[in-house]
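Numbering (the UniProt record's numbering), first residue to last: 1 to 237.
We treat Cβ as the ideally placed atom computed from N, Cα and C, and that holds for glycine.
What follows is a set of notes on a single structure, which appears directly below.
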Ligand SMILES: CC(C)(COP(=O)(O)OP(=O)(O)OC[C@H]1O[C@@H](n2cnc3c(N)ncnc32)[C@H](O)[C@@H]1O)[C@@H](O)C(=O)NCCC(=O)NCCS
Ligand SMILES: Nc1ncnc2c1ncn2[C@@H]1O[C@H](COP(=O)(O)OP(=O)(O)OP(=O)(O)O)[C@@H](O)[C@H]1O
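Here is the structure:
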């Protein structure tokens with residue numbers, strides 16, 4: 001909890017659809033905090049850019065002061081010591097940004113239903129302990145590869161290099177409290193019923209709702225059900 005607001009962590013494989021699922025939680029009145037986006041914010045800070053330049057030279061920073069993501073990815077996903085150095089530079093900055101966003105949201109008159117931490121390294125960096133619930137987004141390997149091929153132009157090697165820098169998926173799944181299946185290959189095509197700002201009450205308790213796969217309406221149903229369950233469990237305790 002952060003000032004009485006639940007924290008829900010989203011984990012899963014690279015390209016599993018964590019951000020997509022997080023967005024659906026956002027439609028239900030939650031506030032999504034994306035670590036990948038906050039990393040991008042950190043890269044706008046001169047002190048961060050200076051350190052990057054000192055370590056990897058001018059070619060790591062483009063003419064407009066934007067980092068060269070491809071070059072940095074090739075360094076950090078091939079040499080663990082380079083990755084650890086970058087993480088030790090960025091993660092404290094991201095932690096401050098995250099806390100500032102939560103602090104501000106908690107002071108608003110309309111407080112979020114929950115904070116959604118869309119944080120790929122949630123377990124690896126010890127943030128799962130701060131979550132009231134962790135949700136694993138389960139997506140078959142071939143679907144994930146297909147998605148990152150299409151959306152980011154990655155090949156299987158790029159996906160694999162990132163994955164071996166993370167905890168194994170079966171371990172993350174085992175340590176999570178809920179599983180949401182996001183295997184559909186279709187884009188969001190749910191009929192235009194607006195999600196309510198608050199999650200509906202759910203009568204039957206379901207600890208895991210994986211299994212059924214029938215497009216994005218099914219995905220929304222799972223998200224709504226998981227959120228209702230988390231909120232009602234926290235109220236009961
Ligand atoms: C290396 C960088 C420049 C590559 O940028 P790129 O645009 O190619 O990827 P992007 O940032 O969108 O990340 C995509 C995915 O890669 C994986 N990934 C990113 N960083 C890491 C990491 N340090 N360890 C393992 N996987 C990672 C995650 O699954 C992430 O969702 C960038 O990922 C980065 O700065 N990473 C270090 C910061 C970090 O640890 N980020 C993870 C979230 S806190
Ligand atoms: N159910 C779905 N149907 C179709 N496309 C999807 C679905 N879920 C995710 N995608 C697409 O797959 C791509 C990867 O999804 P997303 O960025 O949410 O994954 P991620 O798990 O957050 O990735 P990363 O680990 O890199 O942060 C995106 O282009 C997204 O729009």
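Residue closest to residue i, alpha-carbon to alpha-carbon, out of the options
{"i": "residue 26", "options": "15, 7, 40, 143", "result": "7"}
{"i": "residue 49", "options": "36, 66, 126, 156", "result": "66"}
{"i": "residue 113", "options": "57, 31, 222", "result": "31"}
{"i": "residue 165", "options": "84, 228, 104", "result": "84"}
{"i": "residue 22", "options": "180, 51, 232", "result": "180"}
{"i": "residue 117", "options": "10, 225, 160", "result": "10"}
{"i": "residue 133", "options": "177, 160, 91, 93", "result": "177"}
Residue environment, residue i, which counts as buried when at least 16 other CB atoms sit within 10 Å
{"i": "residue 17", "result": "buried"}
{"i": "residue 1", "result": "exposed"}
{"i": "residue 201", "result": "With a pLDDT of only 43 at residue 201, under the threshold of 50, the placement of this residue in the model should not be trusted; the figure read from the coordinates follows. By the neighbour-count rule (16 or more Cβ atoms within 10 Å), residue 201 is not buried but exposed."}
{"i": "residue 45", "result": "exposed"}
{"i": "residue 109", "result": "exposed"}
{"i": "residue 205", "result": "Annotation note: pLDDT 27 at residue 205 (below 50); position unreliable, no value reported."}
{"i": "residue 120", "result": "buried"}
{"i": "residue 64", "result": "exposed"}
{"i": "residue 39", "result": "buried"}
{"i": "residue 222", "result": "buried"}
{"i": "residue 79", "result": "exposed"}
{"i": "residue 54", "result": "exposed"}
Range covered by the beta strand (DSSP E) that runs through residue i
{"i": "residue 31", "result": "31-34"}
{"i": "residue 9", "result": "7-12"}
{"i": "residue 230", "result": "That residue, residue 230, is in no beta strand (DSSP E); its alpha helix (DSSP H) goes 216-236."}
{"i": "residue 138", "result": "133-138"}
{"i": "residue 164", "result": "Run containing residue 164: none; DSSP gives neither H nor E here."}
Start-to-end residues for the alpha helix (DSSP H) that takes in residue i
{"i": "residue 151", "result": "141-152"}
{"i": "residue 170", "result": "169-175"}
Subject >> beta strand (DSSP E) segments (min. 3 residues) lying fully within the stretch 65-129 >> reply: 115-118
Original post:
In chain order, which continuous runs of the alpha helix (DSSP H) of length 4 or greater are located wholly inside the stretch 21-62?
Top reply: 35-42, 46-56
Original post:
Is the stretch 139-156 touching the stretch 50-62, taking contact as three or more C-beta pairs under 8 angstroms?
Top reply: no
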